[in-house]
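Written below as structure tokens is the structure these notes are about.
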Amino acid sequence: MKYKKLGQGRVLRCWEDKIRKIYAKVKGEKLLCSNCDNLIGEIRSKGQRNYVKMNREQFAYSGTKIRK
């Protein structure tokens with residue numbers, strides 16, 4: 012998944028409006044790895060906004076930091 016992360020800290024939630032591209036499989040309310048079918052996260056909503064609650068042990072991330 013390509014995600015525009017702002018600021019410091021862990022990736023706990025990926026908000027839908029900041030997700031640029033999804034490479035994983037979506038089955039119902041679950042985001043699964045397309046290679047091994049591990050659960051990467053669960054799709055949830057807060058108010059009017061949707062997000063993916065990430066399973067921290069099941070993914071790795073890299074990239075450059077974007078300052079606010």
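Residue 12 is where the sequence shown starts when you use this note's numbering, and the numbers rise one by one after that. Yeah, the Cβ is synthetic: ideal placement off N, Cα and C, and Gly gets one too. Keep in mind that this is a model prediction, so the values were computed, not measured.
For the 8 Å CB-CB criterion, Ile54 and Gln69 do not form a contact. Under the three-state reduction of DSSP, Glu68 is assigned to helix. Here Leu23 is exposed, its C-beta having fewer than 16 other C-beta atoms within 10 Å.
DSSP, read as helix, strand or coil, puts Glu53 in strand.
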